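Down below is the structure, laid out as structure tokens.
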Amino acid sequence: MAALVAEYRKLVSTRMWWLLLIVLAGYLVFIGIVMAASFVFAPEDESGSVTLEGVDAARAIYGLTNAVGYVFPLVIGSLAITTEFRHQTITETLLVEPRRGVLLMAKLLATVPIGLVYGVVGTLAVVGASAPLLAGWGDGAFLGDRSVLAVLALGVVVTVLWAMIGVAFGSVVPNQVAAIVVILAFTQFVEPIARLALGAFDGTDAIARFLPGAAADGLIGSSLFGELGGSGELLSRPAALAVLLAYAGGLALLGRFTTLRRDVA
Numbered sequence: 026m027a028a029l030v031a032e033y034r035k036l037v038s039t040r041m042w043w044l045l046l047i048v049l050a051g052y053l054v055f056i057g058i059v060m061a062a063s064f065v066f067a068p069e070d071e072s073g074s075v076t077l078e079g080v081d082a083a084r085a086i087y088g089l090t091n092a093v094g095y096v097f098p099l100v101i102g103s104l105a106i107t108t109e110f111r112h113q114t115i116t117e118t119l120l121v122e123p124r125r126g127v128l129l130m131a132k133l134l135a136t137v138p139i140g141l142v143y144g145v146v147g148t149l150a151v152v153g154a155s156a157p158l159l160a161g162w163g164d165g166a167f168l169g170d171r172s173v174l175a176v177l178a179l180g181v182v183v184t185v186l187w188a189m190i191g192v193a194f195g196s197v198v199p200n201q202v203a204a205i206v207v208i209l210a211f212t213q214f215v216e217p218i219a220r221l222a223l224g225a226f227d228g229t230d231a232i233a234r235f236l237p238g239a240a241a242d243g244l245i246g247s248s249l250f251g252e253l254g255g256s257g258e259l260l261s262r263p264a265a266l267a268v269l270l271a272y273a274g275g276l277a278l279l280g281r282f283t284t285l286r287r288d289v290a
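The sequence shown runs 26 to 290 under the numbering used here.
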């Protein structure tokens, strides 16, 4: 408990967590408006239909918290451990709590409330920006629909898991600059391209479902990328949850027996 409280205080005692939170909110407001407007005012095709409409459009837009916003909890999670190595405070931390498994678990759990805040704020931002457009010029905001409410609630849960995966990844790649570069490259380029490429073929589309972003879409139950990019079906929610927990647990174990096994000066 002492380690958990200490790690939580480390996270919230700096400005980085709320600066990234503000950027996340602003980013999702902008993306929410753009995507809602693109659906609401999209021209009809030759068959007389638009790309997405109705409750499908609402679910896809409200799922943007995961689709485009998951890089933020990943980064803040990674900072929970990479900052220690960058500023060489890991030595003092291990002197206070020499049990490295306990330390890593404390860091993982300390990001849970931060992830909750990111999830709630991100969800409110995207809903607040897109719902008026969907309600005023589209088929409706569908905020009373059970499937939409599930997307909103599970979007918050997924954000918590992303923050924990960020901590686990930071334990594997403790260099702060390298960790952030890898996170940005993977979330913005590598995975989207991989999902598009793997989803284009019948023999590989099942592999795409197990990529972290696709698994998160499966847990939420909505995928803007899948709707627009045709990346195939999603995993069931239990399977998607198991995959995300496997990513977090696998990376944490790898970091525990690599980075956190070494002596520090």
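Note that the Cβ used here is the ideal one computed from N, Cα and C, for glycine as well. Only a predicted model underlies this, so the values are computations on that prediction, with no experimental measurement involved.
As assigned by DSSP and simplified to three states, the class of residue i
i	result
Pro217	helix
Met26	coil
Phe211	helix
Asp227	coil
Asn200	coil
Val75	Note that Val75 has pLDDT 49, beneath the 50 cutoff, so the model's placement of it is unreliable and the number below is only indicative. Coil at Val75, not helix or strand.
Ala188	helix
Leu333	There is no way to answer for residue 333, as the model of the chain reaches only from 26 to 290.
Ser63	helix
Pro123	coil
Val299	The question about residue 299 has no answer, for the chain in this structure spans 26 to 290.
Gly163	coil
Of the listed residues the options, nearest to residue i (C-alpha basis)
i	options	result
Leu174	Asn200, Val145, Leu77	Val145
Thr107	Val80, Val206, Ala61	Val206
Leu221	Leu270, Ser248, Leu168	Ser248
Leu104	Ala225, Leu266, Phe214, Ala203	Ala203
Gln213	Val182, Ala92, Val121	Ala92
Arg287	Ala85, Ile115, Thr39, Ile86	Ile115
Ala67	Ala277, Leu44, Trp162	Trp162
Glu258	Gly280, Ala277, Ala233	Ala233
Phe97	Asp227, Pro123, Thr136, Ala131	Thr136
Ala241	Ile86, Trp43, Ser196, Val182	Val182
Gly275	His112, Leu129, Tyr87	Leu129
Tyr95	Lys132, Leu53, Leu133, Ala62	Leu53
Gly57	Ser38, Gly102, Val152, Val198	Val152
Ala265	Ala239, Val197, Val80, Thr39	Ala239
Integer Cβ distance of residue i from residue j, believed to fall under 8 Å
i	j	result
Gly147	Thr229	Going by Cβ atoms, the distance from Gly147 to Thr229 rounds to 31 Å, so no, they are not a contact pair.
Leu159	Ala82	7 Å
Between the CA atoms of residue j and residue i - distance to the nearest angstrom
i	j	result
Pro293	Val185	The requested residue 293 is not part of the displayed model; the chain covers only 26 to 290.
Gly246	Phe64	19 Å
Phe55	Leu119	42 Å
Ser172	Leu179	10 Å
Val100	Glu109	14 Å
Gly243	Ala27	36 Å
Val192	Leu209	15 Å
Val176	Tyr33	28 Å
Arg262	Ala31	34 Å
Glu117	Pro123	10 Å
Trp42	Gly140	10 Å
Leu285	Gly224	37 Å
Ala61	Gly280	40 Å
Gly79	Arg125	50 Å
Asp170	Val59	23 Å
Lys132	Ala154	33 Å
Gln113	Val127	19 Å
Contacts around residue i, its chain only, beta-carbon distance under 8 Å, and the 5 residues preceding and following it disregarded
i	result
Pro237	Ile190, Glu216, Val268, Leu269, Tyr272
Phe282	none
Leu46	Phe97, Val142, Tyr143, Val146
Pro157	Ala166
Same chain, Cβ closer than 7 Å to residue i, neighbours up to 5 away in sequence not counted
i	result
Gly73	Because the pLDDT of Gly73 is 47, which lies under 50, any placement of that residue in the model is unreliable, and the number read from its coordinates should be weighed accordingly. Within the same chain, Gly73 has no close Cβ partners at all.
Ala85	Leu77, Ser247, Leu249, Glu252
Sequence-distant residues of its chain with Cβ nearer than 6 Å to residue i (five each side left out)
i	result
Leu168	none
Trp187	Tyr95, Pro98, Leu99
Asp227	none
Arg111	Gln201
Leu293	Because residue 293 is not part of the residues shown, which for the chain are 26 to 290, the question remains open.
Phe194	Ser103, Leu276
Val197	Leu276, Leu279, Gly280
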